[in-house]
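Those sequence lines, one after another, are chains A and B.
Just so you know, we're using this note's numbering here: the first sequence kicks off at 407 and counts up by one.
Just so you know, we're using this note's numbering here: the second sequence kicks off at 11 and counts up by one.
Written out below as structure tokens is the structure these notes cover.
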Amino acid sequence: DQQVKQNSPSLSVQEGRISILNCDYTNSMFDYFLWYKKYPAEGPTFLISISSIKDKNEDGRFTVFLNKSAKHLSLHIVPSQPGDSAVYFCAATTNTGTASKLTFGTGTRLQVTL
Amino acid sequence: NAGVMQNPRHLVRRRGQEARLRCSPMKGHSHVYWYRQLPEEGLKFMVYLQKENIIDESGMPKERFSAEFPKEGPSILRIQQVVRGDSAAYFCASSPPSRGGTEAFFGQGTRLTVV
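Following this line, the structure appears as structure tokens:
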């Protein structure tokens with residue numbers, strides 16, 4: 407049962423353009439969402455997060471949008487740079503107590519071309 | 011401040027042997043999580059530990075897998091009698107006690123290959 411889904415396994419975008427990565431979830435209990443970036447042979451690196459009480463969070467070139475009614479979130483990267491080429495994982499959690507476990511999507515491989 | 015340290019980076023084991031994966035959390039972090047990534051899949055939660063306690067092991071296979079986080083020393087993920095299907099990348103993450111697990115920091119992973 408895949409509770410967090412990233413339906414696009416790969417995405418190719420030209421340098422300078424906007425990259426939009428999508429993520430859907432099925433568990434209504436999720437109330438905190440994160441994006442991680444992963445290079446080959448390295449661990450995931452935290453990128454940006456959003457709480458369910460918000461619909462947008464922005465950090466530099468990265469913006470995450472959350473549509474709770476649609477159970478959908480997206481990561482926008484603008485402008486895209488070649489160094490952004492990596493696998494991006496969407497993750498979700500129920501932020502109860504002092505700690506929580508993350509449920510990850512299967513990832514989207516972003517290729518930013520020159 | 012060193013990041014989350016995992017060793018070894020690569021581990022090759024024959025079927026039936028034991029695999030021990032080590033994780034030293036970031037300084038000041040008392041929460042440790044283990045995740046497994048099978049080829050072409052996302053990371054799957056395995057277990058969450060605090061010092062000397064297993065808090066949530068709902069993602070751990072019922073047999074052959076165990077984890078500990080002793081008072082002193084690194085967290086250990088142990089896989090007994092490994093099988094080919096255990097071949098995967100195993101990632102450890104840590105977080106400080108006050109922040110919870112939401113922005114956990116990951117190590118570089120241990121790639122286990124069972125031959």
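For each residue, glycine too, the CB sits at the ideal point set by N, CA and C.
- CA-CA distance, Pro80 (chain B) to Ser475 (chain A), rounds to 43 Å.
- Here the alpha carbons of Thr469 (chain A) and Lys460 (chain A) stand approximately 12 Å from one another.
- In terms of CA proximity to Tyr43 (chain B), B:Pro106 leads the group B:Gly95, B:Gln90, B:Pro106 and B:Glu28.
- Contact residues of the region 449-460 of chain A toward chain B are Gly449, Pro450, Thr451, Phe452 and Ser455 (C-beta to C-beta distance below 8 Å).
- Rounded to the nearest angstrom, the gap between the Cα atoms of Ser40 (chain B) and Val57 (chain B) is 14 Å.
- DSSP places Arg30 (chain B) inside the beta strand (DSSP E), whose first and last residues are Ala29 to Ser34.
- Inclusion of Phe495 (chain A) and Lys444 (chain A) in the CB contact set at 8 Å is warranted, their separation being smaller than that value.
- The continuous beta strand (DSSP E) containing Arg88 (chain B) extends over residues Ser85 to Ile89.
- Listed along chain A are Gly449, each with a C-beta nearer than 7 Å to that of Gly119 (chain B).
- Closest option to Glu62 (chain B), judged by alpha-carbon separation, among B:Tyr100, B:His20, B:Val92 and B:Glu82: B:Glu82.
- With fewer than 16 neighbouring CB atoms inside 10 Å of its own CB, Ser416 (chain A) falls in the exposed class.
- Taken in chain order, the complete beta strand (DSSP E) segments of 3 or more residues contained in the region 28-72 of chain B are 29-34, 41-47, 53-60 and 63-66.
- Under the DSSP assignment, Gln517 (chain A) falls in the beta strand (DSSP E) whose first and last residues are Thr514 to Thr519.
- Around Leu59 (chain B), no beta-carbon contact reaches into chain A at under 8 Å, the shortest distance being about 10 Å.
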